[in-house]
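Residue numbers (this note's numbering), protein chains in the order written: chain A, 7 to 429; chain B, 7 to 429.
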């Protein structure tokens, strides 16, 4: 049967229009032609009987064994020891926009900790009318909000600055996830404590040994930040900050403090390690940019890509990827097959939502020749995703963080893809 | 410290307005008052050291051990054997709208089967210009769509017709989930085969031993149905139909055929077992309603509920639940504390989306007295969720399917809740 599947002969009909039309046609060719019902029915019967009786579901269902490669991965040489670690979302194998918690990237500086709800406390102190400590049950008594947001590590794609050319979207762009959060507005809790007029910042820290303290301007803290209990409906995974984490929409992931323990209202920024020696961007002249919190508009083609090669010959091909912006909604994504000479408008699976992932598609008729695939995102502020070289011209080569440059995949005639740079 | 947490004294401030204001106040009281920073800081230090160094995340992250009760459950006496089984989503413990695949309800008639993508075939036959068989790779070459839809079993809440009064929202309303699906429009595949003018229905069947064949009017098949590969971004779990399942938005879950194997275009409905002896609604006069595909507007309070009792005294209380309609978007949800004498407008976490779950909240100041909690949904067609007795008056007591009657939780002064009926 498999041999019969291989594209033999051209399409007999053209129901669909445009690129998809040619596509559908060729797919029809690729699909087996039924020479009368008998061979088909026979195969169906063999197959049905071969499946036989099945099994029951488990109380908490895991992915089927055939998908065991769709997991978070680390870059072996990236971290010195396993206690200061990171892993990447397998975005090359996912579709849609929601990231399941089980394969959502995760970064910790002193390990993920097991914190019981009964032991959990959240303190608000500093420049407030009254210092407060909340239990988990206290937090559950405040009005809740639900919203889908992306969380991207500032170092996502960082190794590409100097041209590491890691071979897969999971490794170049996998330090991102997109989940539906449920929790309490940080504004609600700060208002409860009463912020004094001289309060201009909040310093947030976690209960892990690193504490990962970060300073956030009061304006942002009173805007759209959440103290989240749940992601995609269920409790946060241990490594995502159970029982609560801070959600700082559109801003770099390091500020999304996990195992949230304390919120101190201060007059000035604390200038902690995580916002001075780390998470600052050193320019060519040696001066470092700081307070680079917002994640710039960015996109990447997730398939085809090095980990998701084309498995068929010429004809219809679905090109897909993700786009996002920390400044609002994605308004458009362009895709090029020839390294930027010609751009086509991609189809957004749904209108862009502010500070959340947007899925895009481009359905083409692949001629079977090599392609230099790129995607370019545009957000509601009018900002357009730059090339890597445009970024380097402005920021030099010392940077690690905030690389939102356009990614190139060299897709060869045999369907395999490589991470390359073109000038 | 824990004793210090217990509500001592009234709120010192009223930042928030309305019910939330009183709520916030009482929560402030419940939270510990800081008598100088020392005791707090001391506790924080003990606690930070007690957490110590953590561990790394696993390639595929499972829920933390403390959440081991948030799993799918069966009603022991419900099914005769384990090969014809069902399990329920723990909606009492979830928030937001997305259901994680791992705890999403699942029903199968002959067990869940393990089907490899390489072995998978989808046949389209019957009244078409050309019969076709697609491999999984063929399907991936057609244009894809993404959309969030709820899937509810027609038998959800069915045992309440005769007043089973199962003690928990998981058991009364847990045969539902809500996921973001990615796949190919069924319309695209039918157009590829070419539906003949005399084709008026499609008969869809799965690859499991039950085949679970169902007839679907061609209008619906050409409207919004999907052949889905993925749910919430990742491959379908085995028990959800890996590698593909049919998505029939707004219609009863039994039609969402899993392990989708064949789509036959027919002139008339097949009248299979699953749409005659099963999934029809026998009225008081013995006549059965058939083709009752659409799921009527419905809602339920998920917390507080029998499995999610109130764990605190009088004061701020978050009442939350889910609402949905197979006919379009939810436009409003009302909640009553006194069994229907007085209704209050609940807050929708986001505007209702067509054929998807909507999360609602009502933030109240609980007086500590017993409540008879109910919720009532309204959809964009103007339809209002009826009481159980209104349903019984029209359909009698023989029905099993399509019970969308208003649910009552008797919440006692001690915070515990029971499933009751009030006339």
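No residue lacks a Cβ here, since even glycine has one placed at the ideal position from N, Cα and C. Please read these numbers as outputs of a predicted model, since none were measured by experiment.
Taking 9 Å as the threshold, the shortest C-beta distance from residue 337/A to chain B does not fall below it.
Residue-level contact check: residue 231/B does not touch chain A, since none of the beta carbons of chain A fall below 9 Å from its beta carbon.
Taking C-alpha positions only, residue 356/A is separated from residue 326/A by approximately 13 Å. The alpha carbon of residue 258/B has as its nearest neighbour, out of 293/B, 425/B, 222/B, the alpha carbon of 222/B.
Distance from the Cα of residue 390/B is smallest, within the candidate group 100/B, 429/B, 329/B, for 329/B. Counting every other CB atom within 10 Å of its CB across the protein chains shown gives residue 203/B a total below 16, marking it as exposed. Under the Cβ criterion of 9 Å, residue 149/B is counted among the residues facing chain A. When C-beta distances to chain B are compared with 7 Å, the residues of the segment 349-376 of chain A below that value are 355, 356, 365, 367, 369, in chain order.
Around the beta-carbon of residue 104/A, 16 or more other beta-carbon atoms lie within 10 Å, marking it buried. Residue 403/B counts as exposed, since fewer than 16 other C-beta atoms from the protein chains shown sit within 10 angstroms of its C-beta. Here DSSP, grouped into helix, strand and coil, assigns residue 338/A to strand. Using a Cβ-Cβ distance cut-off of 8 Å, the segment 224-244 of chain B and the segment 305-321 of chain B are not in contact, since fewer than three pairs of beta carbons, one from each stretch, lie closer than that value.
Counting only the Cα atoms, residue 379/B lies some 11 Å from residue 347/B.
Where residue 236/A is concerned, the enclosing beta strand (DSSP E) starts and stops at 232-237. With a contact defined as Cβ atoms closer than 8 Å, residue 295/B and residue 323/A miss out at about 46 Å. Taking 8 Å as the cut-off between beta carbons, the residues of the segment 116-137 of chain A near chain B are 116, 117, 118, 119, 120, 121, 122, 123, 125, 127, 129, 131, 135, 136, 137, in sequence order. Proximity of the segment 62-79 of chain B to the segment 107-118 of chain A meets the contact definition, three or more beta-carbon pairs being nearer than 8 Å.
A straight line joining the alpha-carbon of residue 160/A with that of residue 142/A spans about 29 Å. In this structure, the alpha-carbon of residue 177/A lies about 25 Å from that of residue 187/A.
With contacts defined as CB atoms closer than 9 Å, residue 123/A and residue 72/B qualify as a contacting pair. When the Cα atoms are used, residue 180/A and residue 96/A turn out to be separated by approximately 6 Å. Note: residue 183/B is bridge-paired with 157/B in the DSSP secondary-structure output. Under DSSP, the beta-bridge partners assigned to residue 353/A are 367/A.
Within the same chain, 193, 196 come within 7 Å of residue 228/B by CB-CB distance, once the 5 residues on both sides are set aside. Beta-bridge analysis with DSSP links residue 326/B to 309/B, 367/B. Looking at 116/B, 340/B, 297/B, the one whose alpha-carbon comes closest to that of residue 287/B is 297/B.
A check of alpha carbon separations from residue 174/B across 234/B, 98/B, 115/B, 155/B identifies 98/B as the nearest.
In the three-state reduction of the DSSP assignment, residue 144/B falls in the helix class. Here residue 367/B is near residue 150/A, since their CB atoms are less than 9 Å apart.
The segment 306-320 of chain A and the segment 406-424 of chain A touch, with three or more beta-carbon pairs separated by less than 8 Å. Think of a sphere of 7 Å around the beta carbon of residue 344/B: no beta carbon from chain A falls inside it, the nearest being about 21 Å out. If you ignore the 5 residues before and after residue 189/A, its C-beta comes within less than 6 Å of the C-beta of 232, 233, 234, 235, all in its own chain and listed in chain order.
Between residue 273/A and residue 205/A, the gap from beta carbon to beta carbon is short of 9 Å. For residue 317/B, the chain A residues whose Cβ falls inside 8 Å of its Cβ are 143, in order along the chain.
CA-to-CA, the gap between residue 199/B and residue 339/B works out to about 43 Å. Residues of the segment 157-182 of chain A with a C-beta less than 7 Å from any C-beta of chain B: none at all.
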